[in-house]
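Residue numbers (the numbering used here), protein chains in the order written: chain A, 13 to 514; chain B, -12 to 142. Structure first, commentary second.
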Amino acid sequence: MDTFTHILNGFVVAMEPMNLWYTFLGVLMGTIIGVLPGIGPSAGIALLIPITYGMNPTSALIMMAGIYYGAKYGGSTTAILIRTPGEAASVMTSIDGYEMAKNGRAGAALAVSAIGSFIAGTIGVIGLTLFALPLTSMALKFGPAEYFTLMLFAMTAVSTLTGDSPAKGVIATILGLMIATIGIDLQSGQARFTMGVPEFLDGVGFVVVVVGLFAMAEVLRGLEDIFRGSSAQAMKITGKLWLTKEEWKRSIGPIWRGGIIGFVIGVLPGAGGTIASIMSYTTEKRLSKHPEEFGKGAIEGVAGPESANNSDTAGALVPLLTLGIPGGGATAVLLGAFIMYGVQPGPLLFQNKPDLVWGLINSMYIGNVMLVILNLPLIGLFVRLLYIPQGILYPLIVAISAIGAYAINGSTVDLWLILGFGVIGYVFDKTGIPVAPLVLSLVLGGMMEQSFRQAMTISSGDLKIFYGSTITVVLLAMSVISVLLPFIIPMLRKLGSKGDES
Amino acid sequence: MVDRIIFVCTVLLAAVYLWATSKIPTLALGDPLGPKAFPQMLGIGLLIAAGMLLAEIIRGARNKAATEEKSEPFRFEKHHAVILAIIAGTAAYVFAFERLGYMLSTALYLLVMTHFFNRGRMLMNVLTSVLFAVISYLVFTQVLGVNLARGIVPF
């Protein structure tokens, strides 16, 4: 009964005029960030952290979460009208969405992605509401060894599931952990790897790493595209911003299925929105009576993936809020934001600050309503953003990044770091090394080392503690499986095809 | 080819990191592991990851030999020079950030960048650059209370 009161109380918090305003600001910025190429939700949230410093944590986190799920709505607009996903997870939408726009059904494509996003986003938040508490009661039993193995699982899953090469994912993960070791070791007070730079004693801030890897690197890529003349032009919206009865009938199934697929994938670490939308797309293609239409403007190919990548955001918040462990790059940035505000997500948060947690979760119901209004009747306003010349947009992103980075410590060291990580991000992109694992392990690095050392202190130096309980054994086994999976799947395929031949 | 360079860089980085780890002074305090153990694990982990990459390179080379595909060698092209120029320009911006102050350095940076990447729209570029630099400075320092470098501008 107590929980129910907490949930109801959360609605009271979420409905406070101040928090409604920040929900609106968050989803508005999210939509803009999603529409604009060049700056994604991760960089957007990271840039806001220094600027909103000192704000009431509940309002600030409501706003940042708004950016996170709002960006998915905006991303589909760009995917449909320019064929480049404004946000990575919209990549599947750009296939059939753009074809629909070419066939004069841009209005219907935009409408179905907004409606689908709304329905699936709400399914996701309901899932989050239902699953949060059972998981927290399990997480309360976690000791340092359990947390260490849980983080290990999150990292191995992310490193082997993002990108084409598991080895490169692991390299990125370990690089992130190494960056996290720079600075004063909190347990012994010993400075490590500071290379004589006094600013490094506090460690390399994750804000500059994220802004460098996501915003600055994207600026370099974008300007390169302009120079090569390969940047695309936006299509005009054609057709009414609504669905015909026939289109509606074809979309409702994919929306529901996409919503459920997205939520489940979101809860699991590693996979994330892109994989959720790919899975939804292939599911719909398989179920469809006319699979040949896919790729040529099938509305199911927009409805399903767009729904999946929206409910994925709510799913991804489940492990973040209940366990305090993010399962991907963007939620890792959100965890960083939580920590900057002195809020440690995890099971204890639900006990100690139920107002904050439930206020945040319930603000997402309201945020989704605001988003469907922003992205349907008001879509015309945001489409104008696509006509801003990119040659102006990208330099402005550099200036905005500089403001955000300088605001942290008032030091140009952070500006050099942004430039440096921008170059690293650009090189990583060209050489196929994923950056999401690096960001995740950078944010988790400190906690991971701490829990490792605490566990070893408890066991007085005996490694047995890591395979001493059922939870750790299961988590270790899942880590090993996620590392081996990329090697096993091709082998199984080979075996399967051989079996067919004989 | 690229993967081989990554492999060499990874091994070198692991070696440097392990060397730097060995230089950390240890004081026997409290926890049995001390500040070195975790970094040592990371250094070794990076070597293992490099080994995984080597395995992928070998497997890839074998598959390629079967399909007789040749990887294109890296050639320095014009757009690479452009990237280097952008990096140099942004470095100049960072260098000037505190010396000239946020407003001047940002206005200059935006003018130069938009001149090259948004050609032929002089008025639009000049207006955006100057207005953005001035307005953002005033909003952040006066309204939001964020510290930005003042530099040689008197306010």
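Cβ coordinates follow ideal geometry from the N, Cα and C atoms, glycine included.
Between A:Arg95 and A:Phe130, the alpha-carbon positions lie close to 22 Å from each other. Residue environment for A:Asp474: exposed (fewer than 16 other C-beta atoms within 10 angstroms of its C-beta).
Here A:Gly195 carries a strand assignment [DSSP, helix/strand/coil]. Going by DSSP, A:Leu213 is part of no alpha helix (DSSP H) at all; its letter is neither H nor E. The CB of B:Asn50 never comes closer than 7 Å to any CB in chain A; the least such distance is about 11 Å.
Beta-bridge pairing by DSSP links A:Arg204 to A:Gly195. Contact between the segment 194 to 209 of chain A and the segment 304 to 322 of chain A is absent, with fewer than three C-beta pairs closer than 8 Å. Nearest in C-alpha terms to A:Leu32, of all of A:Leu383, A:Gly339, A:Pro266, is A:Leu383. Secondary structure at A:Leu393: helix, using DSSP grouped into helix, strand and coil. Beyond the five residues adjoining it in sequence on each side, A:Thr64 comes within less than 7 Å, by CB distance, of Ala72 in the same chain, given in chain order. In this structure the segment 397 to 410 of chain A lies against the segment 96 to 107 of chain B, because at least three pairs of beta carbons, one per stretch, are closer than 8 Å.
Residues of the segment 229 to 250 of chain A with a C-beta less than 7 Å from any C-beta of chain B: Leu232, Leu235, Glu236, Ile238, Phe239, Arg240, listed in chain order. Counting only the Cα atoms, A:Met291 lies some 21 Å from A:Thr90. Between the C-alpha atoms of A:Ile493 and A:Leu487 there is a straight-line separation of about 10 Å. Nearest CB-CB separation between B:Glu64 and chain A: not below the 7 Å threshold. A distance below 7 Å between beta-carbons, with the five flanking residues on each side excluded, links A:Tyr293 to the following residues of its chain, in chain order: Met104, Gly313, Gly316, Pro317.
Judged by beta-carbon spacing, B:Gly21 lies beyond the 7 Å limit of B:Leu87, meaning their Cβ atoms are not closer than that value.
Under the 7 Å criterion on CB atoms, B:Met109 is classed as non-interfacial with respect to chain A. Shown here, B:Phe103 sits in a helix according to DSSP, grouped into three states.
Sequence-distant Cβ neighbours of B:Asp(-10) in its own chain, meaning closer than 8 Å and more than five residues away, are Leu40, Glu43, Ile44, Gly47. Just so you know, the alpha carbons of A:Pro502 and A:Leu496 end up roughly 11 Å apart. Rounded to whole angstroms, the separation of the alpha carbons of A:Ser481 and A:Ile45 is 44 Å. In this structure, the CA atom of A:Ala166 is about 49 Å from the CA atom of B:Arg108. The shortest CA-to-CA distance from A:Ile430 to any of A:Phe226, A:Met75, A:Pro498, A:Glu211 is the one to A:Phe226. A:Gln402 is the residue among A:Leu456, A:Gln402, A:Ile445 whose C-alpha sits nearest the C-alpha of B:Arg106. In this chain, B:Gln129 is not harboured by any alpha helix (DSSP H), its DSSP state being neither H nor E. Just so you know, the alpha carbons of B:Val69 and A:Glu230 end up roughly 15 Å apart. The C-alpha of A:Ile19 is placed about 44 Å away from the C-alpha of A:Ala203. Taken through DSSP and simplified to helix, strand or coil, A:Ser300 comes out as coil.
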